[in-house]
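Per the numbering used here, residue 2 is the first one in the sequence shown, and the count goes up by one each step.
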Amino acid sequence: MGLILPHTFLGRNKLAYQTDLAQVGRRVGDKKGGDFDKYDVIIIGGGTAGCVLASRLSEDPQTKVLMIEAGASGRSVLLSRIPIGFPLLFKTKHVFRFFTEPQQFAANRTKFWPRGKLLGGCSSINAQMAHYGAPGDFDEWAKITNDLSWSWAEFNKYFRKFETYKADPKYPQVNSSKKGSKGPMRIGYFSYFSRGSETFLKACTKIGINARHDFNTVTGTRGVGRVMTYIDERRQRVSAETAYLTRDVMARPNLTILINSTVTQVLFEKSEDGLRATGVEFTRAEGGARYQAQARKDVVLAAGAIHSPQILMLSGVGPAEELKKHNIDVLCDLAGVGSNLTDHPVVDIYFKDKLNNSIKFLNPRSVGEAIKALGSAVQYFVTKRGAMTSNGGEAAAFIRTDDPKLFPREQYPNQLENSTSAADSPDIEILTTPFAYKDHGSWMFPMHTFSLHTTLLRPLSRGTVRLKSSSPWDHPVIDPRYLTAPEDVEKLLRGVKLIFQIARQEPLASVLDHSNTDAVLDHDQHNKSDDELKIVRDRLETLYHPASTCRMAPLHDGGVVDSTLRVQGVHGLRVCDASIFTTMVSGHTTGAVLATAEKLADIMRLELKEEEKRLTVS
C-alpha cells in the first residue's frame with residue numbers, strides 16, 4: 002500500500018508542496034507583524050474542485066492563493082496512478098474511512114464510505130469514468146436556482162473546457178469537433194475492455210436498449226455503450242492533481258499548497274454588513290499547534306459532501322439546534338447545512354465466466370496467479386497495455402424504469418413516482434466489471450467471474466450529515482437513509498431483474514455459465530419471486546457519490562449556497578464540490594464537479610477584476 006513509483010513514472014523533479022505551517026500562517030497567539038499570512042483566496046480541500054480552483058485562480062499573478070489539503074500528493078502513490086489499483090487504496094492512509102449509521106431498510110448494516118485523503122481527492126481514487134450526467138439534470142438546476150447559466154445550453158461549455166478528447170479509430174461515431182481539445186483532463190478509450198463487456202453491449206441492443214457511442218452529448222445519456230475514462234495515452238490515471246497542478250502551475254509564486262494539514266474552522270468577523278469569513282484555522286494533528294491564515298477576498302470550502310458541511314457546522318454555520326447541541330456558538334442559522342444528503346446506491350450481481358477469462362489474477366490466490374500478475378505488471382510498465390489498464394467499470398447502460406419496451410405494463414403494473422430530471426433522463430445505470438468482488442474490491446471471488454451492477458441514479462431517499470461532537474477529529478454522523486422511499490426499492494428491483502434478462506440474452510449468455518449452481522453466484526436468481534429477491538436490501542452499497550449537503554437552491558427550498566456558490570447569509574464564503582449539487586446528476590459525479598469548479602473560477606476571476614477596477618478608479 003502507498004508504494005512509490007519509479008522516477009520514469011513520475012518525472013524527474015519533485016514538486017514543491019508546502020509542509021511547514023509556520024511558513025503559511027501565524028501561530029495562534031503570535032502577535033508578530035507582517036502580512037505573510039494573508040491571501041486573496043483560501044481554498045479548503047485539495048480534492049477534485051480544489052485543484053481546479055487553485056490552478057485557475059492563480060493564473061492571475063496578482064491573485065495570491067492558498068490551498069490546504071489534509072492528505073499528501075497522489076503522484077507517487079502507485080495504486081492511484083495505475084488504473085486498476087484504486088480499490089486497494091480504500092483502507093489506507095490515503096482515504097478517510099467513513100462509516101454510515103446502521104441502515105434500517107438495508108439489512109440494518111453500516112456502510113463503508115471511503116473518501117479521498119490526498120491531492121485530487123476522489124478523482125485520485127475513483128473508477129475514472131468520464132460520464133457527466135444528463136442534460137436535463139442541469140436544466141433542472143437552472144430552473145430551481147432561477148439562473149440559466151446552470152442550464153445545459155450554458156453550462157456544458159465547462160465540460161468542454163476541462164476535457165481533451167483523444168479520438169480512437171475504433172469509435173469513429175464520436176464527434177471530436179463537439180469534444181474539448183485544450184483542457185487539462187485527458188479522456189478517451191485507453192482502458193482495458195473485456196470480452197464480457199463487449200458481449201454485454203450486444204445483448205443490451207437485442208432487448209431494445211439503443212447503442213450510444215458518446216454519453217456526453219446534447220442528445221442525452223440514455224442507451225448502452227463503452228464508458229470513456231480519465232486515463233491518458235500512457236495508461237495512467239488522470240486526476241485533478243495531475244491535470245491541474247502541473248509543474249508550471251506549481252512554480253507560480255502566488256500559489257501555495259499546504260499538505261498534511263487539517264482545517265479546524267473558518268474564521269469570521271461581524272460588522273455592520275453582517276457576518277464575513279476572514280480566514281481559516283488549521284493544524285497538523287490533534288493536540289498540535291494551531292495556525293491561522295487570512296483571506297482578503299474569499300474562503301472556498303472544497304472539502305467534499307461530508308467535510309464541507311462538517312466544517313461549516315464546526316465554524317458556527319448550520320442548523321441552530323444542531324450547533325447548540327454541541328455547545329457551538331451559532332453565527333449563522335442555516336438549516337440546510339448537512340441536510341438533503343443524496344447518494345447513488347448500487348446492487349451487485351455475480352455470474353460465472355464460462356471462458357475463464359477474468360482478471361482475477363490481479364488478486365492472486367496461487368503461485369500460478371502470482372506469476373500471471375507479475376507478468377501483467379511487467380506488461381503494464383513496459384508496454385502500457387493489459388489488464389492493469391482496466392478502470393473496473395467498462396461499459397454501462399442508462400435506462401428508465403418506466404420504459405415500456407424494457408418493463409411492459411402487464412408485468413410491471415405499478416406506476417412509480419418519476420424522479421428523473423427530464424423525459425429523456427435515466428434513473429437506472431447498469432454497469433459491467435470484468436470480475437466479481439465484495440468489500441469494495443478488497444476481496445475478489447476465487448473463480449472466474451463477471452459482474453453486472455444496477456445503480457439507482459435518482460433516489461427519492463434523503464439523509465443527513467451531522468456532528469458527532471465539536472471536535473474536527475471526530476468523523477461526522479453520516480446517515481444516507483437508504484431505501485426509506487419504497488419507490489427506491491422497486492426501481493432497484495427492476496434494475497436487478499433487467500440484469501437477469503440481459504445475462505440470458507446472446508451473445509452474453511454464451512459467455513456466462515448459467516448451469517453453475519454455486520451459492521455465491523446468482524444464476525438461479527431469475528427464478529425467484531419479488532418477495533424472495535432480498536438481495537436489494539442485503540447487498541446495497543454506495544457507488545461513492547454523496548452529494549447535495551450544501552445545496553445550491555433558495556433558502557426556502559433547503560438551500561445553502563446561491564447560484565454563485567456563496568453561502569447565504571455570509572460574506573466572503575463559498576462552497577464548491579458535490580455538496581452544492583441542487584439535485585443528483587444522473588450519472589457519475591466527477592465531471593460535474595470539475596465543470597462546477599471551472600465555472601466558479603470564471604465567476605471569481607471576473608469579480609476580482611471588477612474589484613481591481615473599482616479600487617483603481619477610487
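Built from N, CA and C at the ideal position, the CB exists for glycine as well. Please read these numbers as outputs of a predicted model, since none were measured by experiment.
Give every residue of the same chain whose Cβ lies closer than 8 Å to the Cβ of residue i, excluding the five residues on either side of it in the sequence, and list them in chain order.
i: V1; result: Summary: the structure shown does not reach residue 1, with the chain confined to residues 2 through 619, and so no result is reported for it.
i: P88; result: G393, Y438, H441, G442, S443
Can you name, in chain order, every residue of its own chain whose Cβ lies under 6 Å from the Cβ of residue i, other than the five neighbours on each side?
i: D532; result: none
i: K162; result: G184, E599
i: G464; result: L342, D480, P481, R482
i: I83; result: M389
i: L544; result: H345, V347, T456
i: E430; result: A397, F399, T456, L458
i: I604; result: T565
i: E242; result: C52, G75, L120, G121
For residue i, which residues in the same chain have their Cβ closer than 7 Å to its Cβ, ignoring the five residues on either side in sequence?
i: K385; result: R235, R236
i: D539; result: A108
i: N318; result: In the sequence under discussion, the amino acid at residue 318 is Val, which differs from the Asn named in the question. These residues qualify, in order along the chain: L332, C333, L335, V338, V568, V571.
i: G12; result: For G12, the pLDDT reaches just 43, beneath the cut-off of 50, and the residue's location in the model is therefore unreliable, although a value from the coordinates is still provided. Nothing listed; no residue qualifies.
The alpha helix (DSSP H) with residue i in it runs from where to where?
i: R615; result: 591-618
i: D489; result: 487-504
i: K469; result: Neither: K469 is in no alpha helix (DSSP H) and is coded neither H nor E.
i: T243; result: 241-245
i: T384; result: 368-384
Got a sec: does the ligand MN put a non-hydrogen atom nearer than 7 Å to the Cβ of residue i?
i: A388; result: The ligand MN is absent from the structure shown, which contains no ligands of any kind.
Could you check which residue in the options has the C-alpha nearest to that of residue i?
i: I44; options: A598, G189, E418; result: A598
i: I500; options: R606, E199, P62, A204; result: A204
i: D41; options: T617, V618, R606, R615; result: R606
i: A304; options: T230, S549, I232, F382; result: S549
i: Y172; options: A212, P310, L90, E164; result: A212
i: T206; options: A504, H515, L54, S516; result: A504
i: T485; options: M445, A23, P460, Q63; result: P460
i: V267; options: A23, P473, N157, T64; result: P473
i: D403; options: E507, E418, T284; result: E418
i: E164; options: F139, R27, A593; result: A593
i: L541; options: S81, F113, K39; result: F113
i: G51; options: E613, E608, A602; result: A602
i: P320; options: G560, G369, V228, A306; result: G560
For residue i, does the three-state DSSP call read helix, strand or coil?
i: S272; result: strand
i: G3; result: Low per-residue confidence applies at G3: pLDDT is 36, beneath 50, and the placement is therefore not dependable, though the value from the model is reported in the following sentence. DSSP places G3 in coil when its eight states are reduced to three.
i: C52; result: helix
i: Y351; result: strand
i: A142; result: Residue identity check: residue 142 is Trp in the sequence provided, not Ala. W142: helix per DSSP, three-state reduction.
i: D532; result: coil
i: P115; result: strand
i: M251; result: helix
i: V438; result: Per the sequence shown, the amino acid found at residue 438 is Tyr instead of Val. If DSSP states are grouped into helix, strand and coil, Y438 belongs with the strands.
i: S452; result: strand
i: S59; result: coil
i: N14; result: Because N14 sits at a pLDDT of 43, beneath the cut-off of 50, its placement in the model cannot be relied upon, and the point is left open.
i: A648; result: The structure shown has nothing for residue 648, since the chain only spans 2 to 619.
i: G224; result: strand
i: Q19; result: strand
i: F156; result: helix
i: C205; result: helix
i: M130; result: strand
i: I329; result: coil
i: A278; result: strand
i: A548; result: strand
i: T632; result: No answer is possible for residue 632: the residues shown for the chain start at 2 and end at 619.
Ends of the beta strand (DSSP E) at residue i?
i: Q293; result: 291-302
i: R567; result: R567 -> no beta strand (DSSP E), and no H or E assigned at all.
i: M68; result: 66-69
i: V42; result: 39-45
i: I312; result: Counting along the chain, I312 falls outside any beta strand (DSSP E), though it belongs to the alpha helix (DSSP H) covering 305-315.
i: L509; result: Per DSSP, L509 belongs to no beta strand (DSSP E); it is in the alpha helix (DSSP H), 509-512.
i: R76; result: R76 -> no beta strand (DSSP E), and no H or E assigned at all.
i: A397; result: 396-400
i: F408; result: Run containing F408: none; DSSP gives neither H nor E here.
i: R575; result: 574-576
Counting pairs of beta carbons, one from the stretch 324-344 and one from the stretch 361-378, are three or more of them closer than 8 Å? Because the criterion of three Cβ pairs below 8 Å is not met, the stretch 324-344 and the stretch 361-378 do not touch.
Stretch pair the stretch 62-80 + the stretch 447-462: three plus CB contacts closer than 8 Å: No contact exists between the stretch 62-80 and the stretch 447-462.
Looking at C-beta atoms only, is the number of pairs between the stretch 261-277 and the stretch 569-582 that lie closer than 8 Å three or more? Touching, yes.
Under 8 Å: do the stretch 485-494 and the stretch 181-195 share three or more Cβ pairs, one atom per stretch? As far as the Cβ criterion goes, the stretch 485-494 does not touch the stretch 181-195, which means the pair count is below three.
Does the stretch 555-565 come close enough to the stretch 107-127 that 3 or more CB-CB pairs lie under 8 Å? No, they do not touch.
Tell me whether the stretch 129-138 and the stretch 422-429 touch, counting them as touching only if at least three CB pairs, one residue from each stretch, are closer than 8 Å. Segments in contact, yes.
At least 3 beta-carbon pairs within less than 8 Å: the stretch 145-153 vs the stretch 122-131: No: fewer than three Cβ pairs fall under 8 Å.
Quick one: any contact between the stretch 282-295 and the stretch 581-589, if contact means 3 or more CB pairs under 8 Å? No: the two stretches stay apart, fewer than three of their Cβ pairs being nearer than 8 Å.
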